[in-house]
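Here's the structure, in structure tokens; my notes come after.
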Amino acid sequence: AAKETMIETKRKKHETQEKIANVQRSIREKNKSRDITMLAVRECQSDTKQRMEKAHEDMLKLEEEIYEKGCRLETLEDEN
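Each step along the sequence shown adds one to the number in full-length UniProt numbering, with nothing skipped, and position 30 is 30.
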């Protein structure tokens, strides 16, 4: 009976170790997936920021051109 109990205990220990290993593997896979997702999010944020900065620069240039052309038009109207 003692031998059977010891065998059963070893079997349960082995099963528990297998479950722990599976959970650890699952956690590593989820962390890896999360890390990949976070990297993609950061890249997307960086890309979006760059596009917004470019759009802002373009808007400023356009506003400056409109102002300059408006000033020229005003000057031409005053001359005529």
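Every residue, glycine too, gets a C-beta built ideally from N, C-alpha and C.
None of these values were measured; they are calculated from a predicted model.
As the crow flies, the alpha-carbon of residue 50 is around 12 Å from that of residue 42. Excluding five sequence positions before and after residue 53, none of the CB atoms of its chain fall closer than 7 Å to its own CB.
The continuous alpha helix (DSSP H) containing residue 40 extends over residues 2 to 79. Straight-line spacing of the CA atoms in residue 24 and residue 7 works out to 26 Å.
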